[in-house]
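Everything in the sequence shown is counted per my numbering, starting at 45 for the first residue and increasing by one.
All C-beta atoms, glycine included, are put in the ideal place defined by N, C-alpha and C.
Quantities reported herein were computed from a predicted structural model and do not represent experimental measurements.
Notes to accompany the following structure.
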Amino acid sequence: VVFAIAQRVSVLDHGVLIADGTPVEIRANRRVQEVYLGGAD
């Protein structure tokens, strides 16, 4: 829902800003994907 209405998105991980950008940029951001979708450890 946020991606459909927001022009910019800021993403926090444990209170630390890890990404800020357009919804397209955030969706493509590897760090965001790792934190929120899980990644190889």
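Distances from the CA of residue 80 to each of 51, 55 and 47 were compared; the closest alpha carbon is that of 55.
In this structure, the CA atom of residue 51 is about 25 Å from the CA atom of residue 82.
Here the C-alpha atom of residue 76 lies approximately 17 Å from the C-alpha atom of residue 45.
By the beta-carbon neighbour count (other beta carbons within 10 angstroms, threshold 16), residue 70 is buried. According to DSSP, residue 76 shares a beta bridge with no other residue.
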